[in-house]
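Report on one structure; see the data block that follows.
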């Protein structure tokens, strides 16, 4: 008995060792997605179960001291751990089958409830009568063995259902086989677990479980990117589905109508070297989009083949049409590079093979296509070497080949002489925009002119045309920074362009040349959009900046998974009422190492890496969860505005993703406001226009964010159907000392109202600013005067304590606030009026009682009251007691409800006649109030 128990335990310890090795091997990919994490959870929980089972067997075999308490402990531990194993396996299969039960909290709780209830029952049995689980001879009872198998059996049956669904949906034979294996695995474990209990002398369950998990781990490594997932850079599907598509064509007998197209990016390595991997990834993404659109247009299929290569299967008539399609593809890539602001237009090398060639063998067809690509690239390289291996034909300067060949020896010779050399990367700002405006011929002339200027200042160094709009310089000039600034000044003087430079001081001869170039490039990138600075030296500050970028990219997925990225909320106030009418959700990274990080720390990095859509959707998901929770608890709500990046419209169908989240939480679209930066309209105009239409059709409001923060194109307000204009805080900067600030803001608010746009001003910090914005009719205000961005906990406290506007009244106040108090509100919005009219204007509200509330009075109205002897603060009470005046106002209100436009009456007051005009604005169903705008002016005798 002792030897048998020892043999049994050693078998389980052996299986534990394999499990731990697999867990360690899986660690590099467990951050890829939830599927991999649940596989790792299955391995860990299975290992812990083996440990409990081995200890239990050693006690029962007499190898370890046995007691009822010890056996009850290990027995209960085994029950609970096996329940967790069953859950982990089930959720792994759920993620493979893309059922997403684990992503839905109610469904996840429902699935877990079986194991939880069983665990509670086992605990109750243990407390009430341990003899139901363990006999007097310290052997497990029939009930114990049934409980041991019950939960795994139930989850096995459910897992079979999930796997069958995956088999039905997958077009790939390999993946169908994988689902078949996962379906049989849990049931196989139950069967061998029962056999293990029945025989009791051999660890059947441990060996079978280890074999199954070993298979799944190996399969996971092989298929992680190619078969199940989307390419993280290309955003198009993997090769496995392409194979399925090819088979479907062969089954239809249509191979002669289709071509296999191989697309290769020529020079991706150079792009990475010159501009950095982030820019290289953006270029790769642009090419993937162009290839994907080609396949969609030609009713075909595309995939990321690997590295800088893409595959597509498209329907083509002949090789002539294939050539035309290749030319169109290059033009589309050029177009995408332009609208996405890429630093370079990648050159494509393409080849096509008809699908009925090589007897339909995909491997042979790919070999033919790759051979064609190789010959094309060799011919291109040969032509370049023959024509100008060391000379740039546009500028006449040496080229990159020259720099690679001679710059390193030049830098080392400078060090040997005791000089201090430097590597400088010089960039022409906005070269692409220059080419778009003046044409490539003029662009080449500009490059040549700037090259001459740089040669004049740096004749003694190694100056080359590096690529596109960049020059590289290796020099030992003593006053380098001064020379660069003088060169930049001359470029500004004689051309329509400007240059900037990144400088790296070369100090170590053992340092690689491209490492030095990369550091100069980082210094240049550090300048970002700061046009006031000509050059930047690579220093500790630059180094830390790029370490920050690396930290963001390395930890972003973990930050999402761990909940480090959270929404912070900044309140919005209604100018008319002073009530909280909404809030903006702003992303914050609450990092355990760095603390609370603002968007400047991570937004730009995530945009460059095309990952910001994950951030935006995570914030929206948390906002919707908070709103749904508040609504379920019947707590007061306010609408929340959420920000979208221009990149969101490039990498996914952002409208569909937001709709999916909103529908999941069953929220009305009116509770979410969509904010889009003004800069977005220049990057993806067509996609943005369609997205705005989709958002409107579903009931969302779409706001233009940060209007006036940079170059503002007023045509955008006409071409895009925005609902609200968010006026950037730059207008309020130095509000008290800038005499024209008030005029500018008034003009923007007036323009917005004439266009039918609502208005919100950001950056309100003083009561003086708030009063001014209310006076000119800016509808909403946001800024530190009301709240800084605060955590969800603080935000909910402020909601509980503050004066809130009921969301049901939002549309009412939106209509009332649309009154343009800068001009005569009785005249149609589009009519021409004189700027700066001093007409007394007032907004009135009346409920079911006869009390008239003066919600807004402009300065002209208040001054008129003072002139005739009334106190402004007491006017509302006195007006409601002035019977003749109030009676006239009530009558005008009643008449205006019955007809469109204003109604008027001449009223005698203190011997003078006044023309009173009233126009009906809106009705609030919630409070049963009506709103009116009221003006008056004195009539000449």
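In our numbering, the protein residues as written are -10 to 930.
Where a beta carbon is used, it is the ideal one built from N, C-alpha and C, also for glycine.
Predicted model, so just to flag it, every value in this text is computed and none were measured.
- Taking 7 Å as the cut-off, the Cβ atoms of residue 696 and residue 714 count as close.
- The DSSP-derived three-state label of residue 882 is helix.
- In terms of Cα proximity to residue 36, the closest of 74, 27 and 56 is 74.
- Following the DSSP letters along the chain, one finds residue 779 in no alpha helix (DSSP H), marked with neither H nor E.
- Beta-bridge partners assigned by DSSP to residue 292: 300.
- If you compare the alpha carbons of 194, 707, 841 and 576 with that of residue 779, the shortest gap goes to 576.
- Following the DSSP letters along the chain, one finds residue 771 inside the beta strand (DSSP E) bounded by residues 769 to 771.
- Counting C-beta atoms within 10 angstroms of its own C-beta, residue 691 has 16 or more neighbours from the protein chains shown and is therefore classed as buried.
- Looking at the DSSP output, residue 577 sits in a beta bridge with 555.
- Segment contact: the segment 792 to 804 against the segment 883 to 895, fewer than three CB-CB distances shorter than 8 Å; contact not assigned.
- Taking 7 Å as the cut-off, the Cβ atoms of residue 1 and residue 55 do not count as close.
- Annotation: residue 437 to residue 338 spans about 28 Å, alpha carbon to alpha carbon.
- Per the coordinates, the alpha-carbon of residue 201 lies some 9 Å from the alpha-carbon of residue 175.
- About 7 Å separates the beta carbons of residue 203 and residue 11, which is inside the 8 Å limit, making them a contact pair.
- When the five nearest sequence neighbours on each side are left out, the beta carbons in the same chain lying within less than 6 Å of the beta carbon of residue -2 are those of 43, 46 and 47, in order along the chain.
- For residue 194 and residue 95, the gap between their C-alpha atoms comes out near 32 Å.
- Straight-line spacing of the CA atoms in residue 277 and residue 404 works out to 45 Å.
- Setting aside the 5 residues that flank it on each side, residue 180 has no residue in the same chain whose C-beta is closer than 7 Å to its C-beta.
- For residue 464, the beta-bridge partners assigned by DSSP are 411.
- In this structure, the straight-line span from the alpha carbon of residue 352 to that of residue 325 is close to 32 Å.
- For residue 736, the three-state secondary structure derived from DSSP is helix.
- Distances from the CA of residue 833 to each of 792, 593, 794 and 881 were compared; the closest alpha carbon is that of 881.
- Closest option to residue 540, judged by alpha-carbon separation, among 617, 590 and 643: 590.
- The three-state secondary structure of residue 387, taken from DSSP, is strand.
- Within the model, the alpha-carbon separation for residue -5 versus residue 50 is close to 8 Å.
- Comparing C-alpha distances from residue 681 to each of 653, 848 and 711 shows the shortest one belongs to 711.
- Cβ contact annotation for residue 731 (same chain, cutoff 7 Å, sequence separation greater than five): 761, in chain order.
- Distance from the CA atom of residue 704 to the CA atom of residue 580, rounded to whole angstroms, is 41 Å.
- Residue 151 sits away from residue 238, with the two beta carbons spaced by 7 Å or more.
- In the structure shown, the three-state DSSP call for residue 926 is strand.
- DSSP places residue 750 in the strand class (E or B) of the three-state scheme.
- Residue 763 and residue 420 have their alpha carbons spaced roughly 44 Å apart.
- Pairing residue 685 with residue 642, the inter-Cα distance amounts to about 15 Å.
- Residue 123 and residue 130 have their C-alpha atoms roughly 6 Å apart.
- In this structure the segment 475 to 490 does not touch the segment 381 to 400; the number of beta carbon pairs closer than 8 Å is below three.
- The alpha-carbon of residue 249 is positioned some 51 Å away from that of residue 585.
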